[in-house]
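The block underneath contains the structure these notes are about, expressed in structure tokens.
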Amino acid sequence: MLGLGHEPKWFEDFGSLPVPSREACLRGVENADAYLLLLGEHYGDPLPDTGKSPTEEEWNVAKRRGIPILVFRKQGITPDVEQAEFIRRVEDYVEGRFRGSFGSVGELLAAAGKGIRALDARPESLAWKPLASAVTVPWHAFPRGAWGGTSGTVLEVHVLSTKGQTILATVLANLGKRLARAGRDAGVFAEEQALSMSVDEDGATVATRATDHREPATGIRVDRDGTVSMWSQLPSDFLGALLDEADLRERIATALRLIADLGLAKGDVAVAVGLHGLSMVSIGNIGELGRRTSGIVGLPGGADVALVEPTHAVPATALGRAAGEIAGELAARLLLRFRAVAR
Numbered sequence: 187m188l189g190l191g192h193e194p195k196w197f198e199d200f201g202s203l204p205v206p207s208r209e210a211c212l213r214g215v216e217n218a219d220a221y222l223l224l225l226g227e228h229y230g231d232p233l234p235d236t237g238k239s240p241t242e243e244e245w246n247v248a249k250r251r252g253i254p255i256l257v258f259r260k261q262g263i264t265p266d267v268e269q270a271e272f273i274r275r276v277e278d279y280v281e282g283r284f285r286g287s288f289g290s291v292g293e294l295l296a297a298a299g300k301g302i303r304a305l306d307a308r309p310e311s312l313a314w315k316p317l318a319s320a321v322t323v324p325w326h327a328f329p330r331g332a333w334g335g336t337s338g339t340v341l342e343v344h345v346l347s348t349k350g351q352t353i354l355a356t357v358l359a360n361l362g363k364r365l366a367r368a369g370r371d372a373g374v375f376a377e378e379q380a381l382s383m384s385v386d387e388d389g390a391t392v393a394t395r396a397t398d399h400r401e402p403a404t405g406i407r408v409d410r411d412g413t414v415s416m417w418s419q420l421p422s423d424f425l426g427a428l429l430d431e432a433d434l435r436e437r438i439a440t441a442l443r444l445i446a447d448l449g450l451a452k453g454d455v456a457v458a459v460g461l462h463g464l465s466m467v468s469i470g471n472i473g474e475l476g477r478r479t480s481g482i483v484g485l486p487g488g489a490d491v492a493l494v495e496p497t498h499a500v501p502a503t504a505l506g507r508a509a510g511e512i513a514g515e516l517a518a519r520l521l522l523r524f525r526a527v528a529r
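Each residue of the sequence shown is one higher than the last, beginning at 187 in the working numbering.
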């Protein structure tokens, strides 16, 4: 890999570190530009808190980040039961990845090298296309009764088809569990978090089921027309929520990567973002939550929403790999919109 201009990182090179091995490995994936997954015979020991092997945890981090993933399966092996199930998930046609195979180290190096060269040859710029016609955004898609209260500030992210799309009822019928699993793998839902699930002919919704209004509300909805919506309640303290551009960018990027991983978006898509519940909101560093002594209480004019309507479309295939770039643009526009309504 060094000969291709890339520096490989693997567990054996980490040496002595002041953090747990698990944290070091996951940090490695967090900082990687691409992830190479080798599927062998054994799954590994499941970790007690997640029930997943270290390799599957790394796989989920790579998917959540939306970085390129190259998968290669060793030929001539008989995987154990857990590994066979993991391989099935990795190779799943809807949510998984196409993979290569290898029989020897030489074959692996040749295949991996070819894959990395293909990554290097990809176009780097993201094409923003002006919308030919306006799209209707389902603002306020989150269910008002999804949690114990509605006093918090909620971020909405919507991905909409620009040319019309219909998700068949046979797909919607099985979408609830899939949304829940995708949300947990992306870290949107905690493994132990109770979820509510609703599926009908109009769409599927999975959301946190909180018994305390102080618990953040989070959810995912897929409409029959192909619109995928996500919402998350922003963290707050007794002075309200803080809008931190870096935090907004990461939240939007996480939503786009999850939506991309679902594989439901097709063709060109428009992306919209918005904030609801602005009665107690300030712009600042999210690290100040719980430590600050002043903030905004109520916006002039009683403005309660800041909405960024889509003006351009992007290829659905770019949602994952360009999530950071798209999210950066939308987060910047959202803060400008907030400042406009807060005057």
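Glycine included, C-beta positions come from ideal geometry on N, C-alpha and C.
Along the beta strand (DSSP E) that carries Q419, what are the first and last residues, could you check? V414 to Q419
I'd like the span of the alpha helix (DSSP H) that includes R447, first residue to last. The sequence shown places Asp at residue 447, rather than the Arg named in the question. DSSP places D447 in the uninterrupted alpha helix (DSSP H) bounded by E431 to L448.
Tell me whether E209 is buried or exposed, calling it buried when 16 or more other Cβ atoms sit within 10 Å of its Cβ. exposed
Are the stretch 250–264 and the stretch 337–350 in contact at 8 Å, needing three or more beta carbon pairs? no
Grouping DSSP H, G and I as helix and E and B as strand, with all else coil, what is K315? In the three-state scheme derived from DSSP, where H, G and I count as helix and E and B as strand, K315 is classed as strand.
From V247 to A456, what does the alpha carbon distance come to, in whole angstroms? So the alpha carbons of these two residues sit roughly 26 Å apart.
Which residues bound the alpha helix (DSSP H) around R507? Here the alpha helix (DSSP H) through R507 covers A504 to R507.
Please report the residue range of the beta strand (DSSP E) in which I469 lies. V467 to I469
Give the single residue among D409, A270 and G463 whose Cα lies nearest to the Cα of A359. D409
Terminal residues of the continuous alpha helix (DSSP H) containing A541? Any question about residue 541 goes unanswered here, given that the chain covers just 187 to 529.
Let me make sure I understand the geometry here. Which of R250, A458 and L522 has the alpha-carbon closest to that of T322? Ranking the options by Cα distance to T322, first place goes to A458.
When the Cα atoms are used, what is the spatial distance from T404 to T394? 6 Å
Contact check, G506 vs M466, beta carbons under 8 Å: no
Report buried or exposed for H462, applying the criterion of at least 16 other Cβ atoms within 10 angstroms of its Cβ. buried
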